[in-house]
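Working notes, beginning with the structure itself.
In full-length UniProt numbering, the protein residues as written are 1 to 767.
The structure is reproduced here in structure tokens:
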């Protein structure tokens with residue numbers, strides 16, 4: 001059998017394993033057999049004791065599992081881990097670092113091939129094969145084992161995240177404080193009850209639930225009713241197509257019906273329900289097991305039956321879910337919505353007075369749902385790729401939106417620790433309410449205007465409640481995203497007028513339509529291999545002047561009588577883009593004036609969010625009225641880090657020296673030509689970042705409404721001189737960690753460290 005096919009089968013088997021121990025046992029058995037070796041073993045690295053532990057073997061003494069441990073620089077296993085590269089020996093005993101372990105019985109084996117199991121630069125263990133006789137494993141053997149170890153690395157990393165490694169050999173011990181890492185999308189901490197939502201008829205996402213004994217008969221009845229619907233559907237389709245199909249083709253419908261006989265799949269599903277499983281999870285468990293078995297078969301015809309079984313399972317599941325939707329739902333008082341990917345429609349299904357947190361396996365910190373969550377002040381974690389989300393329905397969870405973490409299986413100590421943070425946050429918010437009418441002014445009298453970023457109408461009230469002095473970024477794409485077609489000019493006027501009117505006479509900065517990248521419109525799809533470097537922002541609207549001009553006309557009409565509109569152009573990389581956009585804006589102005597409308601000429605500016613704009617800031621400043629730095633995208637592009645990718649999200653740092661130098665260059669370039677320079681999004685909303693930006697000379701800070709009180713309090717607790725001294729210090733540093741430490745030291749010394757995210761970071765690391 002080709003090794004690629006062998007690998008595929010092993011991976012399929014491993015994926016279906018219920019525990020890490022079962023997965024390791026499958027790997028050593030299958031790999032040893034595939035390579036024709038006498039021994040295959042897996043050693044995992046115990047970080048606490050700094051030793052490799054034999055965790056699975058086929059060929060060595062089974063009693064040695066969990067007993068044999070090897071120091072980091074001991075034996076051939078230690079050497080593989082130390083070098084982080086394969087070691088291939090035809091006579092292992094002759095190697096100077098060979099160490100004999102009597103418990104394993106490995107003196108019988110001569111040949112040795114060991115490869116490291118590496119995940120994100122860290123050696124998690126070593127995968128070893130051995131042979132009784134002398135044998136030099138060839139390049140194909142080595143490549144196969146390296147490929148297998150790469151697959152194994154992800155499994156072990158996931159098990160580490162979910163507590164599976166710590167609990168090896170301790171199955172009866174209840175896990176405690178299981179932690180899942182994700183991306184912090186909306187700040188805050190909450191303790192609540194998981195509510196799992198899944199797309200209809202998704203067999204892989206049905207939450208696992210158990211039912212009380214008295215409910216079993218009801219669950220069986222629901223399943224049988226759905227089953228009868230599917231049987232009727234298949235009969236009906238079979239009859240309608242009978243005249244158009246050959247006899248052998250029509251017989252396929254009989255095969256489907258035989259699968260649905262009481263003695264076939266349904267019988268197994270009912271047995272699961274009788275054991276106390278919810279009907280939907282019983283269905284999925286049985287269907288997925290049969291799919292797995294058929295998928296591994298060598299015969300192509302039988303392998304294709306996996307598709308048939310999955311299809312039948314989806315059909316039955318659809319009817320059960322439709323039935324469930326007609327039943328009134330009971331929401332827990334503190335509901336944490338958990339899903340593979342959260343959509344705005346899901347948010348609308350849970351009463352807002354009960355929704356306290358959001359968690360998703362996939363998703364972006366800039367998705368529409370997350371933007372809504374931030375505006376509502378709901379702690380949110382996305383990108384928790386190791387999260388077994390289907391198992392979290394009804395379970396108590398902690399969502400740490402500061403650090404991007406989710407905890408399950410809470411211990412008494414962890415629950416108490418996070419409850420303290422929640423209580424402290426509540427007291428802090430209550431204390432900051434008194435600052436609403438006070439300016440963001442340093443102790444030595446330097447005033448810093450604080451504006452907000454908005455997207456929804458609901459953002460307006462929250463912003464004004466917190467004392468916002470303007471809008472630095474109104475995301476006009478949000479009204480486009482919640483419709484099924486482009487909004488008309490009239491619909492846009494209504495949306496824009498609400499923002500402009502609520503904030504008048506304060507300025508409102510409206511960014512022209514910024515789609516592409518991770519912001520898609522369902523009715524205007526943009527399919528690209530690399531969307532972040534593709535057709536987005538100003539590039540789209542200049543290619544579609546009809547969209548751009550309608551939007552500009554709507555903005556101008558909405559501002560009549562208010563005259564507080566500022567127009568901002570996103571994703572600018574060329575001066576010519578600004579010139580072309582200004583021509584279209586001038587055309588719209590003239591058209592409206594020709595119609596007799598008293599429209600005022602708005603200020604026009606650009607978002608500085610790509611390196612090209614940083615280095616052309618002086619030239620751009622000569623063509624616009626203001627510059628506004630989009631710190632999130634600028635940081636992402638400067639560091640070549642997708643902050644929504646969990647693999648590299650820890651490389652995304654707003655305080656990277658290159659980012660700080662770029663930010664300082666932009667503000668100096670803008671001021672040289674007499675234009676105001678603002679900054680919006682993440683860095684402006686962090687108290688430490690706000691102090692750095694204040695010292696750099698930024699004219700305005702714009703942030704999510706929820707951050708405004710803390711930033712204001714931090715600014716009011718320091719002097720401009722202190723901020724400038726801090727800036728001088730951090731601009732000489734070359735490590736992110738040193739920059740963060742310097743900022744924290746100032747915040748701590750001035751008594752405003754309680755507003756900083758680093759206090760949260762330091763504290764949560766202790767948990």
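In this text, a Cβ means the ideal position worked out from N, Cα and C, and glycines have one as well.
This structure is a prediction, so every number in the text was calculated from the model and none was measured.
Name, in chain order, the residues that DSSP records as bridge partners for residue 119.
122
Whole angstroms is fine: what's the gap from residue 40's alpha carbon to residue 121's?
24 Å
Just to confirm, is the Cβ distance from residue 194 to residue 392 under 7 Å?
yes
Whole-Å CB distance - residue 129 paired with residue 145, under 8 Å assumed:
7 Å
Looking at residue 702: is its Cβ nearer than 7 Å to the Cβ of residue 723?
no
Buried or exposed, going by whether 16 or more other CB atoms sit within 10 Å of the CB of residue 416?
exposed
Output needed for residue 667: all residues of its chain with C-beta closer than 7 Å, excluding positions within five of it in sequence on either side, in chain order.
677, 696, 697, 698
Beta-carbon gap between residue 570 and residue 538 smaller than 7 Å
yes
Below 8 Å on the Cβ atoms is my guess for residue 468 versus residue 181; work out the distance and round it to an integer in Å.
The Cβ separation is near 33 Å, so there is no contact.
Would the beta-carbon of residue 208 fall within 7 Å of that of residue 281?
yes
Which class does residue 493 belong to by DSSP, given the choice of helix, strand or coil?
helix
With DSSP as the reference, identify every bridge partner of residue 567, one or two as the case may be.
510, 604
From the DSSP output, in three-state form, read off residue 386 for me.
coil
What three-state label does DSSP hand residue 403 in the structure shown?
coil
Short check: CB of residue 42 to CB of residue 127, under 7 Å?
yes
Based on DSSP bridge pairs, tell me the residues matched to residue 57.
41
Beta-carbon contacts of residue 77 that lie in its chain and below 8 Å, excluding the five residues immediately before and after:
43, 52, 70, 114, 126, 128
Taking a contact to mean a Cβ-Cβ separation below 7 Å, would you say residue 451 touches residue 711 in this structure?
no
Residues near residue 86 by beta carbon distance below 8 Å, same chain, minus five either side
80, 113, 114, 115, 116, 142, 145, 146
Report back the beta-carbon spacing between residue 472 and residue 628 to the nearest angstrom; my notes put them in contact at under 8 Å.
7 Å
Option in 132, 157, 135, 260 with minimal Cα separation from residue 119
157
CB residue 597 to CB residue 548, shorter than 7 Å?
no
Between the CA atoms of residue 286 and residue 274 - distance to the nearest angstrom
13 Å
Residue range of the beta strand (DSSP E) that includes residue 192:
189-196
Assuming residue 292 and residue 48 are in contact, meaning their beta carbons sit under 8 Å apart, how far apart are those beta carbons, in whole angstroms?
So it is not a contact: roughly 35 Å between Cβ atoms.
Using DSSP with H/G/I as helix, E/B as strand and the rest coil, what is residue 670?
helix
State the start and end residues of the unbroken alpha helix (DSSP H) segment that holds residue 26.
20-35
Work out the CA separation of residue 561 and residue 494 for me, nearest whole Å.
15 Å
Taking just the CA atoms, how far does residue 423 sit from residue 751?
20 Å
Tell me residue 461's beta-bridge partners as DSSP assigns them.
According to DSSP, which records beta bridges pairwise, residue 461 is partnered with nothing at all.
Taking residue 748 as the reference, which of 185, 736, 726, 54 has the closest Cα?
726
Determine, using beta-carbon pairs with one atom in the stretch 473-484 and one in the stretch 498-509, whether at least three such pairs fall under 8 Å.
yes
Quick check on residue 416: does DSSP put it in helix, strand or coil?
helix
To the nearest angstrom, how far is the alpha carbon of residue 315 from that of residue 230?
6 Å
C-alpha gap between residue 607 and residue 536, whole angstroms
13 Å
Could you work out which residue in 496, 271, 313, 276 is closest to residue 290 when comparing CA atoms only?
313
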